[in-house]
Amino acid sequence: MSRFKIIVQYDGSCFSGWQLQKDKKTVQGEIENALKVISGIKNRVSVYGSGRTDAGVHAHGQVAHFDINTRLSNNELRNAINSNTSKDCKIMSVVEVNKNFEARFNATKRFYRYQVYLGSSILYKNQAWLTDNVDLELLNSLSGIVLGEHDFLSFSKFNPEKKNTRCVIYHSIWEKHNNMLIYNISGNRFLHHMVRYIVGTMIQISRNRFTIDEFKKLLGQPRKNVQIHRAPACGLILMKVEYGS
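Take the position in the sequence shown, starting the count at 1, then add 567; the result is the number in my numbering.
Here is the structure:
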């Protein structure tokens, strides 16, 4: 039995999220079904992702691992999986790794991108938050506030089982390319809905519906179940996951 690490791209608008769900199309389900066909066994081949993206959230570089008996080369295994999954999900690479490798628990840094399109667009309706009246200079002044280590409880979907809500943010910046605003953020870990709550709150401040002081207070005095705006899932992309120092 060998362990393999895969890098996966997928269009989140076509899936009910990463995690396996009964009677729903999920990324994990697609890959596991493909591996079941390839291996020729009746039992499930479990695939473990670096994180569970929600319905509508995309991935450019999701990482996962699984164990399987195969004589296929890495490239042959990649091609075999892609031949048995839909066009909305693609395995970019397959590498055999040490049995100690864990896609989720060994990850040291995760990179996300959030896209905001200024105006109306049919082409971007599933790849960006369509909006207007956004101040880029203000957004970048806000992006620096989240840098470093903070308790992001206020910016997450509350989970009583999640005892540690502190995260370290290494990079946080907004850029503009024509009508597209792009927010890039990286950190050692992210809580459920965290990036979407951060983006939604920043946009609300830009619209004068929330204040900078309130934003800072949510970081300085974290609390659960805060009523703040959550950006739509369609604009979020998991760009890549890094391992090691």
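Where is the CB? At the ideal position from N, CA and C, for every residue including glycine.
Straight through space, the alpha carbons of residue 804 and residue 689 are spaced by roughly 19 Å. With contact defined as three or more Cβ pairs closer than 8 Å, the stretch 721-741 and the stretch 667-674 are not in contact. Residue 568 counts as exposed, since fewer than 16 other beta carbons sit within 10 angstroms of its beta carbon.
Annotation for residue 601: 648, 651 and 652 place their beta carbon closer than 7 Å to its own, counting only its chain and skipping 5 residues before and after. Nearest C-alpha to residue 745 among 615, 664, 685 and 620: 685. By the 16-neighbour rule on beta-carbons within 10 angstroms, residue 645 is buried.
Pairwise C-beta distances place the stretch 627-637 in contact with the stretch 603-616, as three or more of them are shorter than 8 Å.
Residue 640 carries a coil assignment under DSSP once its states are collapsed to helix, strand and coil.
Apart from sequence neighbours up to five positions away, the residues of its chain that approach residue 577 with a beta-carbon distance below 8 Å are 594, 625, 626, 629, 655, 656 and 657, ordered along the chain. Setting aside the 5 residues that flank it on each side, residue 801 is surrounded in the same chain by 623 and 693, each with a C-beta closer than 6 Å to its C-beta; the list follows chain order. In the DSSP assignment, residue 589 falls outside any beta strand (DSSP E), carrying neither H nor E. The three-state secondary structure of residue 780, taken from DSSP, is helix. Three or more beta-carbon pairs separated by less than 8 Å link the stretch 718-726 to the stretch 782-795, which places the two stretches in contact. In the DSSP annotation of this structure, the continuous segment of the alpha helix (DSSP H) that includes residue 761 starts and ends at 761-773. An exposed status is given to residue 778, since fewer than 16 other beta-carbon atoms sit within 10 Å of its beta-carbon. Residue 687 and residue 698 have their C-alpha atoms roughly 7 Å apart.
Here DSSP, grouped into helix, strand and coil, assigns residue 608 to coil. DSSP, read as helix, strand or coil, puts residue 790 in coil. Bridge pairing for residue 698: 685 [DSSP]. Here residue 613 carries a coil assignment [DSSP, helix/strand/coil]. If the five residues before and after residue 705 are omitted, its C-beta is found closer than 6 Å to the C-beta atoms of 773, all from its own chain and listed in chain order. Counted as a single uninterrupted DSSP element, the stretch harbouring residue 707 is not any beta strand (DSSP E) but the alpha helix (DSSP H) occupying residues 703-710.
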